[in-house]
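What follows is a short report on a single structure.
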Amino acid sequence: MKKIFGKGLIVLAAALLVGWIIALYGCGGGAGPLRVAAPTPGVPGLTAEFESLLPEGQRGATFIGSEACADCHGGRQGQPEPVYVAWRRTKHAEKGVGCEQCHGPGSRHRENPSGQNILTFPKIVSSVVCGQCHGPIYQDWLASKHDQIIRTPSELAITNPAVYGRTCLQCHSGLFRIQVGERGVNLATLSTERIVELANQTLDAAPHAATCATCHDPHRNTGNLSDDGKEVQLRHLVFNTDLSAIDPGSPVTEHTNFNHICGQCHNGRGADPSDATLTRATARPNMHDSNQFNMLMGIGGVEGTGPVIRNTAHAQIPGQCSTCHMPRSRHTMTASYDISCTPCHTPADAAARTATVKAEVETALYALRRRMEQWAQATFGDNALWDYTALLAQEGKTPPDQAQVPIQVKRARHNYYFVLRDRCFGPHNAPYIRHLIRVANENLDAINVPRVNPWALASRVSRSEIRSLLERDRRRALSADH
Ligand code: HEC
Ligand code: HEC
Ligand code: HEC
Ligand code: HEC
Ligand code: HEC
Ligand code: HEC
Ligand code: HEC
Ligand code: HEC
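Whatever position you read off the sequence shown (first residue = 1), add 4 for my numbering.
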């Protein structure tokens with residue numbers, strides 16, 4: 005272990021100097037100062053964590069410098085690999101952050117090139133690699149849900165790779181996304197053995213929805229700038245309003261390579277409001293919990309025949325999701341009223357409007373649900389039977405023949421779940437949400453279901469009861485989602 009710090013000390017001393025200079029002048033954006041890896045053996049913290057990632061074959065290796073890597077990975081001497089060339093143009097190269105600061109010392113690898121003596125997949129995708137220096141952002145990321153993993157998708161992919169490997173992992177494994185989605189690997193040709201391997205690696209080595217390297221290309225300037233116009237090596241755009249790419253029927257709907265840094269995963273997963281689909285596919289709602297991009301743009305709900313306000317100023321915010329959810333590049337992904345909403349709203353105005361619209365939307369959803377219950381009670385003598393069949397089956401109920409459920413109810417329940425599953429209850433796109441709830445209610449009017457006054461209901465049922473009922477529906481829908 006100790007030898008790691010042999011010759012490399014010089015390289016690292018230089019890096020440390022850079023680090024001090026950076027610390028002195030306070031860089032790293034609004035997310036706090038950078039901390040450059042400490043070169044002293046035994047120093048606790050992120051560096052020790054990084055060392056623990058290194059493979060056995062790399063123990064005892066010393067640093068050889070980025071120029072040495074270029075001999076084989078530099079596009080020099082007829083080598084095709086352009087990693088070194090791309091890296092030269094990055095801020096990292098400019099600041100002296102070299103190959104070995106992410107891949108570990110390379111002397112043994114140079115002697116006998118192999119994936120066994122250099123930090124590579126799967127552990128290279130760990131955020132620990134970047135956290136050595138980007139401490140504050142790393143801490144933010146740890147606090148976000150992107151640090152976590154939902155195990156079901158990987159477990160399903162292991163037991164049934166042919167079906168679930170190709171659908172779930174693109175969005176539920178940061179590792180899979182880097183190695184498959186970002187490399188343009190054709191999912192249809194991916195072997196089931198490879199899928200199982202990647203799913204196992206996800207659970208064991210990199211159990212995260214998205215790591216730094218999922219969103220950032222570690223080697224290249226990409227030209228996909230941040231909302232304030234900086235090159236931050238993003239793999240995809242922060243702003244994209246191309247609706248055709250998420251239109252129902254488009255090949256990118258299910259497991260998408262949509263060119264949007266958040267919309268690649270936070271999209272409707274095939275949300276399709278057409279009568280044909282609503283009539284045919286009645287087991288479960290045909291959108292996932294991830295329909296935030298669709299909601300922001302206003303696409304994927306049953307819209308009726310009249311005019312519709314598809315989206316508003318919020319869809320046109322320069323960084324879209326990142327402006328609201330990553331104020332000053334904060335990587336917790338929590339929306340902030342203080343910084344994100346200016347200059348359009350004052351913080352107080354944004355908070356007040358959001359509170360108002362949330363109360364309105366939650367109550368309206370509850371009232372819509374009550375109407376569907378009344379219809380089911382009158383039609384089948386059981387108020388639960390308005391719902392999708394797989395959700396009813398979960399409750400031990402026998403679903404009615406779906407031919408007996410009129411299209412109006414099918415449209416209403418699609419919009420109910422579309423709004424519920426986006427989970428913002430308003431701020432993403434209040435006009436579109438209001439429109440979808442109105443259309444749902446008009447459909448129920450057309451089959452003479454009595455109106456329910458949301459505000460009269462609200463005076464009888466508490467907000468927390470309403471919320472827990474809605475949350476229960478969302479959970480049920482999720483567990484039917486496979
Ligand atoms: C879910 C995608 C995502 C993940 C995961 C992610 N980033 Fe980012 N990162 C972004 C986006 C988007 C921006 C640009 C934010 C903006 O426009 O304000 C950004 C900006 C940055 C910046 C520039 C900050 C500045 O001051 O301008 C750094 C540095 C950075 N990220 C490092 C990291 C590190 C380190 C990790 C892992 C701990 C990480 N990122 C994980 C999406 C991500
Ligand atoms: C003497 C030539 C040579 C030098 C010098 C060299 N590499 Fe390699 N490297 C290779 C070869 C060949 C492979 C492929 C090995 C294999 O597939 O088993 C490889 C593989 C890798 C991999 C794994 C790629 C994968 O597919 O998983 C990484 C990461 C890597 N090198 C990084 C580096 C870094 C960083 C340096 C400098 C410290 C470096 N290499 C120096 C020849 C070299
Ligand atoms: C900022 C950290 C960082 C730096 C600096 C860095 N890498 Fe990487 N490298 C990564 C990460 C993370 C991955 C895995 C993600 C990916 O492939 O995009 C990776 C992947 C690789 C791979 C495997 C790619 C493949 O196609 O199989 C090679 C080879 C490689 N790096 C070589 C280098 C060389 C050579 C340098 C220096 C010129 C370098 N890296 C600099 C973080 C870094
Ligand atoms: C050895 C320290 C070190 C490591 C490891 C490291 N970085 Fe950096 N990173 C820096 C420094 C230094 C800068 C330049 C900061 C500046 O000038 O504002 C930087 C800048 C950046 C930027 C902003 C680019 C810009 O133009 O401002 C991004 C994005 C980034 N790093 C992402 C990553 C990611 C992703 C990883 C892991 C794959 C990583 N870094 C690993 C030290 C490091
Ligand atoms: C298009 C990308 C995408 C695909 C494909 C996808 N998911 Fe998701 N899923 C997400 C996102 C994004 C979230 C988080 C949404 C949120 O928090 O609102 C999520 C949330 C979940 C949750 C809820 C976690 C919780 O506790 O709230 C479960 C469970 C889940 N997905 C399972 C699956 C399974 C199983 C599959 C494959 C059949 C799958 N997902 C396919 C993007 C996707
Ligand atoms: C590689 C796929 C992927 C990308 C890219 C991605 N996310 Fe996520 N995101 C997920 C998954 C999966 C979850 C749910 C994780 C969990 O619940 O454990 C999630 C969770 C979230 C949550 C937390 C939801 C909650 O339940 O509290 C927010 C907010 C979020 N993402 C915003 C963003 C933003 C903003 C971006 C773009 C900068 C982004 N995500 C990019 C997959 C992704
Ligand atoms: C106009 C600002 C704004 C934009 C743009 C925006 N969001 Fe949100 N988002 C919010 C607010 C506000 C909430 C509610 C947060 C709360 O309840 O505290 C929210 C809620 C969420 C949630 C539910 C979980 C949570 O954190 O409460 C997710 C997931 C999410 N947004 C993801 C996204 C994604 C992905 C995008 C881009 C497609 C996006 N948002 C665009 C402001 C925005
Ligand atoms: C680029 C400007 C811009 C930004 C940034 C922005 N908004 Fe808005 N927002 C608007 C406009 C324009 C309207 C609609 C006009 C109106 O109602 O006055 C609006 C309306 C709203 C509404 C009312 C919806 C309704 O119809 O009841 C809420 C809630 C809201 N914004 C919340 C937020 C939150 C929270 C943030 C930050 C996280 C935010 N906005 C960021 C421009 C913006």
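C-beta: ideal position from N, C-alpha, C; glycine also.
Within a Cβ cutoff of 7 Å, which residues of the same chain sit near Gln-381, ignoring the five residues on either side of it in sequence? For the purposes of this step, residue 381 is identified with residue 377 of the sequence shown, where counting begins at 1. Excluding its 5 nearest sequence neighbours in each direction, Gln-381 has C-beta neighbours in its own chain below 7 Å: Asn-387, listed in chain order.
Neighbourhood of Val-87 by C-beta, 7 Å cutoff - its chain only, sequence neighbours within 5 removed: Residue mapping note: residue 87 aligns to position 83 of the sequence shown, counting from 1. Answer for Val-87: His-77, His-223, listed in chain order.
Distance, Val-365 Cα to Gly-61 Cα: Taking the first residue of the sequence shown as 1, we reach residue 61 at position 57. Taking the first residue of the sequence shown as 1, we reach residue 365 at position 361. Computed Cα separation, rounded: 57 Å.
Would you list, in sequence order, the uninterrupted alpha helix (DSSP H) runs of no fewer than 4 residues that lie entirely inside the region 426-478? 434-450, 458-464
Can you list, in chain order, the stretches of the beta strand (DSSP E) that have 3 or more residues and sit fully within the region 159-233? none
When you compare only the Cα positions, how much space is there between Gln-296 and Asn-244? Position 292 of the sequence shown holds residue 296. Position 240 of the sequence shown holds residue 244. Straight-line Cα distance between these residues: approximately 14 Å.
Once DSSP output is grouped into helix, strand and coil, what is the label at Leu-241? In the sequence shown, counting from the first residue as 1, residue 241 sits at position 237. DSSP places Leu-241 in coil when its eight states are reduced to three.
Alpha carbon to alpha carbon, what distance is there between Leu-238 and Gln-152? Residue mapping note: residue 152 aligns to position 148 of the sequence shown, counting from 1. Residue mapping note: residue 238 aligns to position 234 of the sequence shown, counting from 1. The alpha-carbon atoms of Gln-152 and Leu-238 are separated by roughly 21 Å.
Contact defined as beta carbons within less than 8 Å: I believe Thr-336 pairs with Asp-144. What is the distance between those atoms, to the nearest angstrom? Position 332 of the sequence shown, counting from 1, holds the residue named residue 336. Position 140 of the sequence shown, counting from 1, holds the residue named residue 144. Contact holds; Cβ gap of about 5 Å.
Can you determine whether any heavy atom of ligand 6 sits closer than 6 Å to the C-beta of Arg-181, and answer yes or no? In the sequence shown, residue 181 corresponds to position 177, counting from 1. Yes, since a heavy atom of ligand 6 falls inside the 6 Å radius drawn around the Cβ of Arg-181.
For the alpha helix (DSSP H) holding Ser-130, just list the boundary residues, first then last. Your numbering for residue 130 matches position 126 in the sequence shown. Segment: none, Ser-130 is in no alpha helix (DSSP H) and carries neither H nor E.
Compute the Euclidean distance between the alpha carbons of Ala-416 and Asn-261, then round it to the nearest angstrom. Taking the first residue of the sequence shown as 1, we reach residue 416 at position 412. Taking the first residue of the sequence shown as 1, we reach residue 261 at position 257. C-alpha separation (whole angstroms): 30 Å.
Boundaries of the alpha helix (DSSP H) in which Val-388 is found, first to last residue: As a working mapping, residue 388 is identified with position 384 in the sequence shown. It should be pointed out that residue 388 corresponds to Ala in this sequence rather than to Val. Segment: none, Ala-388 is in no alpha helix (DSSP H) and carries neither H nor E.
Which residue's Cα is closest to the Cα of Cys-73: His-113, Ala-65, Leu-57? Taking the sequence shown and counting its residues from 1, the one referred to as residue 73 is at position 69. Nearest option by C-alpha distance: His-113.
Cβ neighbour criterion (16 or more within 10 Å) applied to Val-189: Within the sequence shown, residue 189 is the residue found at index 185, counting from 1. With a 10 Å radius around the Cβ and a threshold of 16 neighbouring Cβ atoms, Val-189 comes out exposed.
Any idea what DSSP makes of Glu-235, helix, strand or coil? Position 231 of the sequence shown, counted from the first residue, corresponds to residue 235. Strand, per DSSP.
Taking the C-alpha atoms as reference points, what is the distance between Pro-84 and Phe-54? In the sequence shown, counting from the first residue as 1, residue 84 sits at position 80. In the sequence shown, counting from the first residue as 1, residue 54 sits at position 50. A caution first: Pro-84 carries a pLDDT of 48, below 50, which makes its placement in the model unreliable, though a value can still be read off. Using only the alpha carbons, I get a separation of about 29 Å.
CA-CA distance, His-418 and His-264? Within the sequence shown, the letter at position 414 stands for residue 418. Within the sequence shown, the letter at position 260 stands for residue 264. Rounded to the nearest whole angstrom, the CA to CA distance from His-418 to His-264 is 25 Å.
Between the C-alpha atoms of Ile-227 and Cys-266, what's the straight-line distance to the nearest angstrom? Along the sequence shown, one-based indexing puts residue 227 at 223. Along the sequence shown, one-based indexing puts residue 266 at 262. Contrary to the premise, residue 227 reads as Gly rather than Ile in this sequence. Distance from the CA of Gly-227 to the CA of Cys-266, rounded to the nearest whole angstrom, comes to 17 Å.
What span of residues does the alpha helix (DSSP H) with Phe-125 cover, start to end? By one-based count along the sequence shown, residue 125 stands at place 121. From DSSP, Phe-125 is part of no alpha helix (DSSP H); its letter is neither H nor E.
For my contact list, Phe-422 and Gly-304 are in at a C-beta cut-off of 8 Å; report their separation, rounded to the angstrom. Start at 1 with the first residue of the sequence shown, and residue 422 comes out as number 418. Start at 1 with the first residue of the sequence shown, and residue 304 comes out as number 300. Indeed, because the Cβ distance is near 6 Å, the residues count as touching under 8 Å.
Taking C-alpha atoms, which residue in Gln-120, Pro-126, Asn-445 lies nearest to Ala-371? Along the sequence shown, one-based indexing puts residue 371 at 367. Of the listed residues, the one whose Cα sits closest to Ala-371 is Asn-445.
State the Cα-Cα distance for the pair Gln-136 and Gly-108, rounded to the nearest angstrom. For this step, residue 136 is matched to residue 132 along the sequence shown. For this step, residue 108 is matched to residue 104 along the sequence shown. Using only the alpha carbons, I get a separation of about 12 Å.
Distance, Arg-467 Cα to Leu-473 Cα: Counting from 1 along the sequence shown, the entry for residue 473 is found at position 469. Counting from 1 along the sequence shown, the entry for residue 467 is found at position 463. Taking the straight line from one Cα to the other gives about 10 Å.
Within 10 angstroms of its Cβ, does Ser-294 collect 16 or more other Cβ (buried), or is it exposed? As a working note, residue 294 is residue 290 in the sequence shown. By the neighbour-count rule (16 or more Cβ atoms within 10 Å), Ser-294 is buried.
By Cβ distance below 7 Å, which residues in the same chain neighbour Ile-182 in space, the five residues on each side in sequence not counted? As a working mapping, residue 182 is identified with position 178 in the sequence shown. Closer than 7 Å at Cβ, skipping near neighbours: Val-129, Ala-217, Thr-218.
Over the uninterrupted alpha helix (DSSP H) stretch that includes Ser-111, give me the two end residues. Counting from one through the sequence shown, the residue named residue 111 turns up at place 107. Where Ser-111 is concerned, the enclosing alpha helix (DSSP H) stretches over 111-115.
Any non-hydrogen atom of ligand 8 closer than 6 Å to Ser-344 Cβ: In the sequence shown, counting from the first residue as 1, residue 344 sits at position 340. Yes, ligand 8 has a heavy atom inside 6 Å of this Cβ.
For Lys-127, count the other beta carbons within 10 Å of its own beta carbon; 16 or more makes it buried, fewer makes it exposed. Which is it? Numbered from 1 along the sequence shown, position 123 holds the residue referred to as residue 127. When all chains shown are included, Lys-127 counts as buried.
Rounded distance between the beta-carbons of Met-291 and Arg-425, thought under 8 Å: Within the sequence shown, residue 425 is the residue found at index 421, counting from 1. Within the sequence shown, residue 291 is the residue found at index 287, counting from 1. For Arg-425 against Met-291, the beta-carbon gap comes to about 6 Å, under 8 Å, which counts as contact.
Roughly how many whole angstroms lie between the Cα atoms of Gln-324 and Pro-331? Against the sequence shown, residue 324 aligns to sequence position 320. Against the sequence shown, residue 331 aligns to sequence position 327. Each residue's Cα considered, the two are about 11 Å apart.
By Cβ distance below 6 Å, which residues in the same chain neighbour Pro-351 in space, the five residues on each side in sequence not counted? Indexing the sequence shown from 1 puts residue 351 at position 347. Hits under 6 Å: Tyr-341, Asp-342.
Can you grab the Cα-Cα spacing for the pair Arg-334 / Asn-457, in whole Å? Locating residue 334 in the sequence shown gives position 330, counting from the first residue. Locating residue 457 in the sequence shown gives position 453, counting from the first residue. Those two C-alpha atoms are separated by around 41 Å.
How many Å lie between Ala-27 and His-138 at the Cα? Position 23 of the sequence shown, counted from the first residue, corresponds to residue 27. Position 134 of the sequence shown, counted from the first residue, corresponds to residue 138. Because the pLDDT of Ala-27 is 33, which lies under 50, any placement of that residue in the model is unreliable, and the number read from its coordinates should be weighed accordingly. Going from the Cα of Ala-27 to the Cα of His-138 covers about 12 Å.
Hey, quick one: how far does the alpha helix (DSSP H) through Ile-141 stretch, first residue to last? In the sequence shown, residue 141 corresponds to position 137, counting from 1. Ile-141 -> alpha helix (DSSP H) spans 139-147.
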